[in-house]
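Position in the sequence shown counted from 1, then plus 30, gives you the working numbering.
Heads up, the beta-carbon is just placed ideally off N, CA and C, and yes, glycines get one too.
In what follows, a structure is listed as structure tokens, so that the remarks can point back to it.
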Amino acid sequence: MNQIVSIEIAAGLRIHLRAMQLEDLPQIVAIEAQSHLEPWTQHAFRAEMETSLVAQPFVALRQDEIVGYIVPWFVADELQIANITVKESFRQLGVGRLLLAHALELAQQRHCRVAYLEVRDSNAAARALYASMGFVVEGVRPKYYGRAQEDAILMKKDLLEA
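So, in structure tokens, the structure goes:
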């Protein structure tokens, strides 16, 4: 995804999607640190961009400001959302929905049959978003998030029904 996708998600809020780039890392790592108890490192994001054979990470921008990002993994006929994060001041505005919708569109172009993601049990807003986009609870991974000893809810979306 090198081209830029531009969509107005709310009155006066135009968001651009493009491939994640190395120069994005300072903003991404700052958002990650503010959003997660166990944040990904700059090295982890760099590896997704430079060495992963399955990742296709991209960012959401408002002008030059990164307001969200997603790291989708395309493995065989499956999509796995490894990371999706929206900057706190841009949550509940449709940025997460836009990021996930674009990843799902890419998955369908690649003929993926199913999409998976994990979400913290306590993240009600994200769980509601995923459910509204057709994801259903597939299972629970007990104490998946080690530091907080919190369960991960495994969610699945059948892409063949879409």
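Simplified DSSP assignment, three categories, for residue i
{"i": "A90", "result": "strand"}
{"i": "S36", "result": "strand"}
{"i": "H73", "result": "helix"}
{"i": "R127", "result": "helix"}
{"i": "E191", "result": "coil"}
Proximity winner among the options, relative to residue i (alpha-carbon distances)
{"i": "R92", "options": "Q179, F120, A178", "result": "F120"}
{"i": "V149", "options": "L47, A182, I34, D107", "result": "A182"}
{"i": "R48", "options": "L184, A133, G124, L109", "result": "A133"}
{"i": "L190", "options": "S152, Q72, A145, L184", "result": "A145"}
{"i": "E118", "options": "A155, S36, H141", "result": "A155"}
{"i": "P69", "options": "I37, V170, H141, T115", "result": "T115"}
{"i": "G164", "options": "H141, S152, K186, N153", "result": "K186"}
Alpha-carbon spacing of residue i relative to residue j, whole angstroms
{"i": "V166", "j": "A158", "result": "10 Å"}
{"i": "V125", "j": "A90", "result": "7 Å"}
Every unbroken alpha helix (DSSP H) inside the region 149–187 [4 residues or more]: Correct list: 154–162.
Stretch-stretch touch, CB-based, cutoff 8 Å, three pairs: the region 97–116 with the region 60–80: Segments in contact, yes.
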